[in-house]
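Worksheet: one structure, shown below.
In the numbering used here, the protein residues as written are 1081 to 1253.
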């Protein structure tokens, strides 16, 4: 059996080890890390999948970001990811369980931007199962290279403006 727990209840080093195993040692150079640079994960939306023996099987983290629209205005958003699963447990539904738990929590969480989620990921998977699309993201700029078709958003409040996406630092999540 798998328990879904608040990520803050899990050893941070176990999470780092999981992320290294799932994404490799170069993961910190990815654009997603630059988008959320200087922020802290949002506890209400970050979870761990833990086995009966206490071992960490997977995790999902969410981060406060904002889209600074070119025409003015800043739209608070939540960046979803990474969603990580131990390599030997991938394809077993753990990532999907974590996403479903996070989406459920986002519906009622008192977190700015929880109604405007975004991520960089596989459009077929995140679109099919969770309703993320690239419909509103064509004009978004990120602080590093990315594949535009993988920049996805979900929620009625996801902005449809051109602008720069970056960390929401110094603001309450």
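All C-beta atoms in this analysis are idealised placements derived from N, C-alpha and C, irrespective of residue type, glycine included. These numbers were taken from a predicted model, which means no experiment stands behind them.
Residue i versus the options, residue with shortest Cα-Cα distance
| i | options | result |
| --- | --- | --- |
| residue 1112 | 1192, 1232, 1242 | 1232 |
| residue 1050 | 1201, 1177, 1242, 1214 | Coverage of the chain is limited to positions 1081 through 1253, which leaves residue 1050 absent and any answer about it impossible. |
| residue 1182 | 1221, 1249, 1142, 1234 | 1142 |
| residue 1102 | 1225, 1151, 1161 | 1161 |
| residue 1239 | 1219, 1230, 1225, 1227 | 1219 |
| residue 1227 | 1110, 1081, 1104, 1096 | 1110 |
| residue 1190 | 1081, 1223, 1125 | 1125 |
| residue 1091 | 1229, 1179, 1209, 1127 | 1127 |
| residue 1199 | 1171, 1116, 1081, 1188 | 1116 |
Distance between residue j and residue i (C-alpha atoms, nearest Å)
| i | j | result |
| --- | --- | --- |
| residue 1244 | residue 1133 | 43 Å |
| residue 1204 | residue 1175 | 15 Å |
| residue 1131 | residue 1173 | 13 Å |
| residue 1106 | residue 1201 | 17 Å |
| residue 1114 | residue 1248 | 12 Å |
| residue 1237 | residue 1216 | 10 Å |
| residue 1206 | residue 1214 | 11 Å |
| residue 1151 | residue 1241 | 8 Å |
| residue 1166 | residue 1104 | 12 Å |
| residue 1163 | residue 1221 | 22 Å |
| residue 1169 | residue 1246 | 32 Å |
| residue 1209 | residue 1179 | 9 Å |
Chain-order list of residues whose beta-carbon lies under 6 Å from that of residue i (same chain, five-residue window excluded)
| i | result |
| --- | --- |
| residue 1154 | 1146, 1148 |
| residue 1194 | 1158, 1186 |
| residue 1234 | 1197, 1211, 1212 |
| residue 1192 | 1156 |
| residue 1224 | 1111, 1114 |
Three-state secondary structure assigned by DSSP to residue i
| i | result |
| --- | --- |
| residue 1209 | helix |
| residue 1253 | Residue placement at residue 1253 is poorly supported in this model, since its pLDDT is 46, which falls under 50; the coordinates are not used for a value here. |
| residue 1247 | strand |
| residue 1158 | strand |
| residue 1093 | helix |
| residue 1103 | helix |
| residue 1223 | coil |
| residue 1167 | helix |
Under 7 Å between C-beta atoms of residue i and residue j
| i | j | result |
| --- | --- | --- |
| residue 1088 | residue 1144 | no |
| residue 1094 | residue 1136 | yes |
| residue 1084 | residue 1139 | no |
Neighbourhood of residue i by C-beta distance below 8 Å, restricted to the same chain and skipping five residues each side
| i | result |
| --- | --- |
| residue 1100 | 1107 |
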